[in-house]
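Using the numbering used here, the first residue of the sequence shown is number 14, and each one after it goes up by one. Here a beta-carbon is modelled for each residue, glycine too, at the ideal position from N, C-alpha and C. The model shown is predicted, which means the values in this text are computed figures rather than measured ones.
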Amino acid sequence: MQKLNTEITKILNMPDVVEQFRNLGFEPQSSSPEQLAAFTKLEIVEYARIIKDIGILVE
14 MQKLNTEITK ILNMPDVVEQ FRNLGFEPQS SSPEQLAAFT KLEIVEYARI IKDIGILVE
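Have a look at this one:
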């Protein structure tokens, strides 16, 4: 996992890749696998709350 993270970080630091992401409205960021896991957990909680609040049901 660390090797993959290292390679992705290298790619996300390439000027042409940064420019392509920015042209799409994204700000590229790199993080550790642990930071990504923590961020993902927070996002799941937040989106679950939003879905519940607006009453979306699984069909």
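The stretch 17–27 and the stretch 39–59 touch, with three or more beta-carbon pairs separated by less than 8 Å. In chain order, Phe34 place their CB closer than 8 Å to the CB of Glu40, counting only its own chain and leaving out the 5 sequence neighbours on each side. For Glu40, there is no enclosing alpha helix (DSSP H), as DSSP gives it neither H nor E. The three-state secondary structure of Glu56, taken from DSSP, is helix.
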